[in-house]
Structure formats: C-alpha cells, structure tokens
Amino acid sequence: MYSSPAIQHPEIETLQAELHNAYPQTILRRAVDMFGDDLVVVTSFQPTGIVTLHMLQEIAPHLTILTVDTNLLFDETYQLMDRLEREWGLNLIRVRPSQSVAEQAQTHGNALWLDEPNKCCELRKVIPLKDALQGYQAWISGVRRDQSASRAETAVVSWDKRNEKVKFCPFATWTESMIWTYIHAYDLPYNALHTQGYTSIGCFPCTQAVQAGDDLRAGRWVNHAKTECGIHVQNPL
Ligand code: SF4
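Count along the sequence shown from 1, add 2, and you get the number used in the working numbering.
Structure below.
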C-alpha cells in the first residue's frame with residue numbers, strides 16, 4: 003500500500019496493475035498521455051537510456067530530458083550526450099551541483115568520493131536532481147530489475163517518496179541482452195567505454211571496468227559497500 007501517495011495519487015495502484023507487464027512503448031505513451039509537460043526523462047546516457055530516448059523520438063520528441071552532470075563524468079559520456087543532443091535534437095537540461103569540483107575540494111577535501119562517497123553523491127547528484135524535478139509531477143527512469151540485487155523489486159510504476167513524484171521504469175522487466183539487441187537492431191550510438199569492459203558507467207573516480215560474469219554494477223564504488231548513488235533509494239544512505 004502507498005500511504006500518503008494513495009491519497010495524492012490513488013491511480014498509482016491502478017496504473018501498476020495496468021502496466022506491470024506492458025511493452026515499454028505502451029508505458030511511455032501512457033506516461034506522456036497522463037502527465038504531458040509535467041513528465042520528464044532522467045538519463046545518464048547508459049544503454050537503457052539510449053533505448054528510452056530512441057522510443058521517445060516517435061512518442062514525444064520534445065519531452066524534457068534531465069541528465070545529472072556532476073562535472074566528473076568520462077569524456078566518452080560527454081561525447082555521447084553531445085552527439086545525441088545534436089543529432090536527435092534532444093530537449094536536454096544538464097543538471098549541475100551548486101559547487102564546482104574545485105569548490106567542493108575547498109569545502110570538503112580533494113577527494114570526497116573516496117572519503118565520504120555518500121555525501122559526495124548527495125551533493126553532486128541527489129540534491130541537484132531533487133531540485134531539478136520540482137515543477138514536474140512524474141519522471142521516467144532506466145532502472146531495471148536485472149541490474150543488481152537492490153534493484154530486483156523495481157516496479158514499473160511507483161511513488162517516489164524522496165522526490166514526491168510518480169516514477170515510471172518502463173524497462174524494469176527487460177534484461178541487458180534485450181537492451182543490446184534493440185541497440186544493435188537500430189544501430190544506435192552508445193558509450194565507447196562499453197567496448198572496454200565497462201557495463202555501468204558513472205563518474206570516473208568511482209567507475210571501473212568489470213570481469214565477464216560480474217554483476218552489471220560491480221564496477222561502481224568498488225572499494226566501498228555502496229552500490230547506489232541514492233537517486234533510486236527511498237531512504238537516505
Ligand atoms: S559517483 Fe563518485 S564522484 Fe560521482 S557524485 Fe558519487 S561519489 Fe561523487
């Protein structure tokens with residue numbers, strides 16, 4: 003049950019029942035029809051995000067897209083987002099932290115990502131996204147159940163308590179293999195790091211390549227127990 007959301011958004015459970023087994027295109031269309039300009043996509047230009055944006059080219063090509071630019075992303079990630087923004091005409095907003103990397107170093111030390119990665123993610127990702135989501139009622143995410151144990155229960159539609167928004171995960175039931183089949187079928191661009199053993203790609207100080215058979219997110223925060231930046235976690239880390 004959703005306590006307060008059940009009051010604010012009594013339709014969420016109905017939507018879950020309607021969409022839990024639906025094709026991603028059906029889920030995306032329903033979200034667009036339901037929320038219009040109050041809907042936003044959040045992507046870090048990983049493979050599921052690329053497929054999401056490609057499908058939306060037909061469904062809602064002018065939908066606002068948010069990407070959290072921590073100023074600590076790989077050059078390959080910036081190249082990909084620049085290319086897609088230009089070639090697909092994306093309505094892209096780059097969400098940035100209040101402090102530059104240099105300012106953060108002055109306030110919190112040279113490598114907060116090593117000393118307190120949860121705090122670093124809070125400052126550079128979670129808070130900026132929460133602020134950017136104000137003014138929207140719902141958002142679309144690329145989270146999938148097969149990405150990690152902590153994501154295994156991902157719902158197709160849910161109430162995001164942290165941000166107080168409806169959250170759609172149209173690809174919750176898709177697998178890594180299905181995503182790559184789609185990308186290759188449509189010959190879509192993707193991050194060049196995926197050819198170098200990187201499966202999940204975030205900020206460069208906290209991302210490494212993985213070995214075959216590893217968890218898809220095993221290369222993130224490898225020297226910490228941390229597995230999530232916090233954006234997709236309902237309780238503070
Ligand atoms: S992923 Fe690493 S560098 Fe990026 S915000 Fe989180 S802790 Fe900081």
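Each residue gets a CB set at the ideal place from its N, CA and C atoms; glycine is no exception.
So residue i and residue j are supposed to be a Cβ contact under 8 Å. How far apart are they, rounded?
i: T45; j: I67; result: 6 Å
i: V43; j: L75; result: The pair is not a contact, with the Cβ atoms about 18 Å apart (cut-off 8 Å).
i: A211; j: G221; result: 6 Å
i: T201; j: S150; result: That belief does not hold up - the Cβ atoms of T201 and S150 are roughly 11 Å apart, past 8 Å.
i: K167; j: L135; result: 6 Å
i: C171; j: S143; result: 5 Å
i: G204; j: C231; result: 7 Å
For a test of your reading of the model: does the CB of residue i fall under 7 Å from any non-hydrogen atom of the ligand SF4? Yes or no.
i: P191; result: no
i: R126; result: yes
i: G204; result: yes
i: C171; result: no
i: L241; result: It is not possible to answer for residue 241, since the shown part of the chain is limited to 3 through 239.
i: T72; result: yes
i: P130; result: no
i: P207; result: yes
i: W115; result: yes
i: M119; result: Before going further, note that residue 119 is Pro rather than Met in the sequence given. For the ligand SF4, at least one heavy atom lies less than 7 Å from the Cβ of P119.
Can you tell me where the alpha helix (DSSP H) holding residue i begins and where it ends?
i: D84; result: D77 to W90
i: S150; result: Element bounds for S150: n/a, residue is neither H nor E.
i: A107; result: V103 to H110
i: W115; result: L114 to D117
i: R164; result: Here R164 belongs to no alpha helix (DSSP H), and DSSP marks it neither H nor E.
i: Q136; result: Segment: none, Q136 is in no alpha helix (DSSP H) and carries neither H nor E.
i: L21; result: E13 to L21
i: W182; result: E178 to A187
i: Q198; result: Neither: Q198 is in no alpha helix (DSSP H) and is coded neither H nor E.
i: T54; result: P49 to I61
Could you spell out the range, first to last residue, of the beta strand (DSSP E) harbouring residue i?
i: L125; result: Run containing L125: none; DSSP gives neither H nor E here.
i: L41; result: L41 to V44
i: I95; result: N93 to V97
Tell me, please, which residues DSSP counts as bridged to residue i.
i: F170; result: I142 and V159
i: V70; result: V97
i: R32; result: DSSP, once it has assigned bridges, lists no residue as partnering R32.
i: T209; result: R222
Given 7 Å as the limit, tell me if residue i has its C-beta closer than that to any heavy atom belonging to the ligand COA.
i: P26; result: In the structure on display, the ligand COA does not appear, and the ligands it does have are the ligand SF4.
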